[in-house]
Amino acid sequence: MPKIEVPENIFFELLGKRMTDEELVDIFPVAKAELDGHDTENHVIKIELNDTNRPDLWSAAGVARALRCYETGEIPYYDFFSTKDDERPSDGRMVIDDESAIGIRDYSIGFAARGKTVDNDLLVNLIQSQEKLCTNFGRKRKTIAMGIYRSDLIKYPVHYAAVDPDATRFVPLGMDEELSLREICEKHPKGKEYGHIVSSFPRFPYLYDDNGDTLSFPPVINSARIGAVEVGDSDFFIEVSGPILDDLLLAVSILACDMSDMGFEILPVKCRFAKDTPYGREITVPYFFQKPMAASLELVHQKLGEDLTGEECVEALKRMGVYSFVDGGTIYAEVPEYRNDFLHGVDVVEDVMIGHGLSSFEPVMPSDFTIGRLSPVEEFSRKVKGILVGLGFQEMMYNYLGSKREYIDNMHVSVEDAVFIANPMSENYEVIRPSVLPCLLESESVSGHAVYPHSIFEIGKITVKDESDNSGTRTIDSLGLFSSNASVGYNDAASYINTLMYFLRKEYTLAEAGDDPRFIPGRAARIICSGVDVGVFGETHPQVLESWGCSMPSIMAEIDLNKLMNA
Amino acid sequence: MDIDVKNLHPLEVRLLRHAKAGEDITEAGIISGLGYKVGQCNQAFSWLQAKGCIEEVSRTKRTIYELTDAGRAMKESGLPAERIYAFLADKGAHTMPEIAEALSLEKSDVGSAFGLLSSNGALRLNDERKAETAGEMPQLVLTQRYLLDKAAEKGSIDESELSKDDKAAIAPLAKKRGASSSPFRIVEREDVVYRLTKAGEETKEALISADITGEEFGVLTPQMIQTGSWKNGTFRPYGINAPTSRLIPGRRNAYSEYLQWVKDKLISLGFEEFDGPLVENEFWNGDALFMPQFHSARDIHDVYYVKDPVHAKAIEEPWLSQVAATHENGWETGSRGWGYTFDHEFTRRQVLRSQGTVLSAHQLTKAHVPGKYFGVVRCFRYDQVDATHGADFYQTEGIVIGKDVNLRNLLGLLKMFAEEIAGAEEVKYVPGYFPFTEPSIEVHIKHPVLGWFELGGSGIFRPEVTEPLGIKEPVLAWGLGIDRMALMHLGLNDLRELFTPDIDSVRTRRGN
Numbered sequence: 000m001p002k003i004e005v006p007e008n009i010f011f012e013l014l015g016k017r018m019t020d021e022e023l024v025d026i027f028p029v030a031k032a033e034l035d036g037h038d039t040e041n042h043v044i045k046i047e048l049n050d051t052n053r054p055d056l057w058s059a060a061g062v063a064r065a066l067r068c069y070e071t072g073e074i075p076y077y078d079f080f081s082t083k084d085d086e087r088p089s090d091g092r093m094v095i096d097d098e099s100a101i102g103i104r105d106y107s108i109g110f111a112a113r114g115k116t117v118d119n120d121l122l123v124n125l126i127q128s129q130e131k132l133c134t135n136f137g138r139k140r141k142t143i144a145m146g147i148y149r150s151d152l153i154k155y156p157v158h159y160a161a162v163d164p165d166a167t168r169f170v171p172l173g174m175d176e177e178l179s180l181r182e183i184c185e186k187h188p189k190g191k192e193y194g195h196i197v198s199s200f201p202r203f204p205y206l207y208d209d210n211g212d213t214l215s216f217p218p219v220i221n222s223a224r225i226g227a228v229e230v231g232d233s234d235f236f237i238e239v240s241g242p243i244l245d246d247l248l249l250a251v252s253i254l255a256c257d258m259s260d261m262g263f264e265i266l267p268v269k270c271r272f273a274k275d276t277p278y279g280r281e282i283t284v285p286y287f288f289q290k291p292m293a294a295s296l297e298l299v300h301q302k303l304g305e306d307l308t309g310e311e312c313v314e315a316l317k318r319m320g321v322y323s324f325v326d327g328g329t330i331y332a333e334v335p336e337y338r339n340d341f342l343h344g345v346d347v348v349e350d351v352m353i354g355h356g357l358s359s360f361e362p363v364m365p366s367d368f369t370i371g372r373l374s375p376v377e378e379f380s381r382k383v384k385g386i387l388v389g390l391g392f393q394e395m396m397y398n399y400l401g402s403k404r405e406y407i408d409n410m411h412v413s414v415e416d417a418v419f420i421a422n423p424m425s426e427n428y429e430v431i432r433p434s435v436l437p438c439l440l441e442s443e444s445v446s447g448h449a450v451y452p453h454s455i456f457e458i459g460k461i462t463v464k465d466e467s468d469n470s471g472t473r474t475i476d477s478l479g480l481f482s483s484n485a486s487v488g489y490n491d492a493a494s495y496i497n498t499l500m501y502f503l504r505k506e507y508t509l510a511e512a513g514d515d516p517r518f519i520p521g522r523a524a525r526i527i528c529s530g531v532d533v534g535v536f537g538e539t540h541p542q543v544l545e546s547w548g549c550s551m552p553s554i555m556a557e558i559d560l561n562k563l564m565n566a
Numbered sequence: 000m001d002i003d004v005k006n007l008h009p010l011e012v013r014l015l016r017h018a019k020a021g022e023d024i025t026e027a028g029i030i031s032g033l034g035y036k037v038g039q040c041n042q043a044f045s046w047l048q049a050k051g052c053i054e055e056v057s058r059t060k061r062t063i064y065e066l067t068d069a070g071r072a073m074k075e076s077g078l079p080a081e082r083i084y085a086f087l088a089d090k091g092a093h094t095m096p097e098i099a100e101a102l103s104l105e106k107s108d109v110g111s112a113f114g115l116l117s118s119n120g121a122l123r124l125n126d127e128r129k130a131e132t133a134g135e136m137p138q139l140v141l142t143q144r145y146l147l148d149k150a151a152e153k154g155s156i157d158e159s160e161l162s163k164d165d166k167a168a169i170a171p172l173a174k175k176r177g178a179s180s181s182p183f184r185i186v187e188r189e190d191v192v193y194r195l196t197k198a199g200e201e202t203k204e205a206l207i208s209a210d211i212t213g214e215e216f217g218v219l220t221p222q223m224i225q226t227g228s229w230k231n232g233t234f235r236p237y238g239i240n241a242p243t244s245r246l247i248p249g250r251r252n253a254y255s256e257y258l259q260w261v262k263d264k265l266i267s268l269g270f271e272e273f274d275g276p277l278v279e280n281e282f283w284n285g286d287a288l289f290m291p292q293f294h295s296a297r298d299i300h301d302v303y304y305v306k307d308p309v310h311a312k313a314i315e316e317p318w319l320s321q322v323a324a325t326h327e328n329g330w331e332t333g334s335r336g337w338g339y340t341f342d343h344e345f346t347r348r349q350v351l352r353s354q355g356t357v358l359s360a361h362q363l364t365k366a367h368v369p370g371k372y373f374g375v376v377r378c379f380r381y382d383q384v385d386a387t388h389g390a391d392f393y394q395t396e397g398i399v400i401g402k403d404v405n406l407r408n409l410l411g412l413l414k415m416f417a418e419e420i421a422g423a424e425e426v427k428y429v430p431g432y433f434p435f436t437e438p439s440i441e442v443h444i445k446h447p448v449l450g451w452f453e454l455g456g457s458g459i460f461r462p463e464v465t466e467p468l469g470i471k472e473p474v475l476a477w478g479l480g481i482d483r484m485a486l487m488h489l490g491l492n493d494l495r496e497l498f499t500p501d502i503d504s505v506r507t508r509r510g511n
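Here the protein sequences come in this chain order: D and P. Those letters in the first sequence? Residues 0 to 566, by numbering that gives the first Met the number 0. Those letters in the second sequence? Residues 0 to 511, by numbering that gives the first Met the number 0.
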């Protein structure tokens, strides 16, 4: 979940009034936000945003806008958006994308802003919004990278192209010397972090103005001159690059609305693409690209269980910043410029729900009659547990992930049957357990202080390889039992199994266990039920006990309950 | 008086009733008067002294010579000096080695015995350097024989009974804490004299008036029942507050019992249990839940990938085609979809189930309408393991399918869970976000112990989730975070403790 930190004064100024922490806690849910903390010493409010599909809310301006709408029911109006048929003047500001970038990072678009001198708080806040958009929404700059530049130093049009990474050189932000694009990837800290996004291509993206002065090497680093924004600046050019045009347009719209809310004047920029897009070869940015979303009143009634009128829905949507009208039993919602999360009519329904007030919906129980039932294996497991508890066994519960050392090496079994994790976080959690027995032995190895005998069991899941299954694996509900004591032996194990089988009404025969390294040779048996091998029991081999650092003789058994149940 | 006479041991009772005020109480007196063994005497003295019923008035040290096992053997077979003298008198002169050989004695013992006997003129060496008898058995050996015989009667001899000559005779035969080869062991004894205290006298009076004799029956034996002998006396009352011994019973695991309780609750509310394998694929783990394949929660850093086999063989149809089309363009769901090209290889990639909702998605393909389903299922989280994060953990999830189920039913369901399962005092709903539900609701509850916390997340499955899996009816989906309540129930504050391998800790753990 994205988290943001905003200076109190900026937030309350955007909100249009001050609020207490209690008031914030109460109202934040309408923006699916939570008050994560309030640092009263440094006057910083910490907010956690829960909607990962609403990047417009990941900024102070965005949260404040949502709350303002909800409280006042007034939809903000932004006059700087162009559409296909209605272009705002760009006064010669232009970005021209070259076809050399296609297939590498197709698009670069931008807008300009002026009229407010940034102080430290505002600059930090602006950079935070940029970072959230690029990191969370833009997948760590893979799909969105954003640069902020000093507009007064730029000679338009700005050019975006893919260039020779060795021949193109400039002084990157944070350094004094000129480096080639490839050298930046190798030497600059941002190059090391983000260079991999483009470094496999023969040519790298490059942004420069009409004088040939460098703006940046997107998505990696700005230039040290035009790309060095500082406190005191008031004229900006904001550029966004990436492979998905709608994501770029949305990111631009969000930042333009945020900056407008902060008091900037937004200046449109004409963008010329190197290929056809759904919006043509040339558009003026910020650009309103969203299509309206329709939802029938019937859908609203069906989902919410409340027969809201068309007016009530329109009113509720207004509080969510969404303009709408009802025509012939259908709500048509204009999607706000800074949002693109309306995929289906149900998304309109949710906004109606929040706008109408969740607390106004009265809870009622579903009226359908249904029969409750445990799964068959759960019922069977409960029977088994009852018998084992009666035999003096303590039920245990274990984690399902562990190390190769525990599950394989200490058991002296083959590694073939176990299912490993390709990307383990640590060696301690690299295999799904192929058996319950190593878990029981771990208990034995850490419980030397506990009074003997140690009679323990677990019923839980294990996973082994199985060619015949679609996944190549099989998850088994497995019973493992273990008992250690100075005098325990094969006969005890055989008696436990016999008692268990008797009360489960399962006839069984025994077969030689053969070469099972977990047991003393000749003191282990396979359990055969209706011709099916359902498990094994016997005296634990001292080599296994030694590997686990145990010195008490023990017996153990493991039974496949899915097989036993159906045998 | 704070002594409950019913709690006195028969050894104490009989001693108290035997003792007279102002008179000495000694071990010898009790042994002869009540027939106690030495150990019983010591027990009775120490218990009564601890209770303040008797007090020590004097303590005298004395030395006694205890006959050892070697001494008892020597009494029968003879002292080495006796045996050598008798052998030579009977068989005539022999060399030292011959004597040692014939009598199975150590050469050193033969040597020292010969030294003693020859210095007193009883033996001598002849010209052939063989030993032979020369006179009477010396007094010292006769005294030693007398002492051996005397000690054999009582087991020991008190030093005060010995004359000067006796002491000289016993000295070579006795050792302190002796080597077992010596016939006597020197032991320091203390004679302690006790008297009844005032409390002791009162206790004695109380015993007499309660008619407790110390002869009451202790353990009831089968013989007593068979012969009817129990009718001829009374039973000694036991101290009901005596310390108990620890028993180790066979037991269920307390956490597992809690999960069982949750399951039973859900059964009672009309839910049917589902379950499934731990290894899933990206299709069910994410695609079927309408999470776009580029969703940030589907990153390599959020899900465990299976090393081998990397891919499932196939994804079941028609689900695959319908879900893929829904992602790309909305299919027939009325959605515009995510607008990207669905990756048919990625979707087969195998992962460890990361959320319980996966099983809800599976259930949709085989669900009845109306239907209520749930699972308490193990999921795997790609996270550092600490007190609040386990590598694997249980999630409690479920769905409700019905022709007319809606938001208000969802709120009702959450309220029921909050009250029935969590014992909530107050319930609060807030809008939430899950990729697979719209609308989405979080339920927060005020718990009597834990205060306000988020009990769970829920919502109405998006049509993009249900319709490609063959369900036209609305589906309520919910998940409950029961771990916090489980920890509270078990008195724990670390999630890792739920799966501890420590046997003793599991044996003693109990729920509230």
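Backbone N, C-alpha and C fix where the C-beta goes; we use that ideal spot for every residue, glycine too.
Three-way DSSP call (helix, strand, coil) for residue i in this model
i	result
Y69(D)	helix
A485(D)	coil
H300(D)	helix
G356(D)	coil
T94(P)	coil
W451(P)	strand
P171(D)	strand
Q39(P)	helix
Which residues DSSP lists as bridging residue i, in chain order
i	result
A417(D)	V463(D)
P6(D)	V43(D)
Any chain D beta carbon closer than 8 Å to residue i
i	result
F293(P)	yes
Y428(P)	yes
N119(P)	no
E271(P)	yes
N405(P)	yes
M415(P)	yes
N284(P)	no
Y552(P)	Given a span of 0 to 511 for chain P in the structure shown, any question on residue 552(P) remains unanswerable.
S267(P)	yes
Neighbourhood of residue i by C-beta, 7 Å cutoff - its chain only, sequence neighbours within 5 removed
i	result
M258(D)	A112 and I265
F392(D)	S454, I455, F456 and L480
Residues near residue i in its chain [Cβ-Cβ closer than 6 Å; skip 5 each side]
i	result
R140(D)	C133, Y193 and P218
V322(P)	D286, A287 and P467
I519(D)	E538 and H540
Minimum Cβ-Cβ distance from residue i to chain P less than 8 Å
i	result
E377(D)	yes
H195(D)	no
E577(D)	Residue 577(D) falls outside the range modelled here, since chain D spans only 0 to 566, and no answer is possible.
**Study point:** Contacting positions in the segment 16-37 of chain D - beta carbon closer than 8 Å to chain P
**Key:** Close to chain P, meaning a Cβ-Cβ distance shorter than 8 Å, are the following residues of the segment 16-37 of chain D: P28, V29 and K31.
Exercise for review: Identify each residue in the segment 479-491 of chain P for which the Cβ-Cβ distance to at least one residue of chain D is less than 7 Å, and report them in chain order.
Suggested key: Within the segment 479-491 of chain P, no residue has a Cβ that lies closer than 7 Å to any Cβ of chain D.
Point to revise | Residues of the segment 298-332 of chain D whose Cβ lies closer than 8 Å to any Cβ of chain P, in chain order | key: Within the segment 298-332 of chain D, the qualifying residues are Q301, K302, L303, G304 and E305.
Check your understanding: Got a sec: which bits of the segment 469-482 of chain D sit with their beta carbon under 8 Å from any beta carbon on chain P, in order along the chain?
Key -> Taking 8 Å as the Cβ-Cβ cut-off against chain P, the residues of the segment 469-482 of chain D that qualify are N469, S470, G471, T472, R473 and T474.
Exercise for review: Could you please tell me which residues of the segment 320-347 of chain P, in chain order, have their CB closer than 9 Å to any CB of chain D?
Suggested key: If you check each beta-carbon in the segment 320-347 of chain P against every beta-carbon of chain D, the ones closer than 9 Å belong to G329, T332, G333, S334, R335, G336, W337, G338 and Y339.
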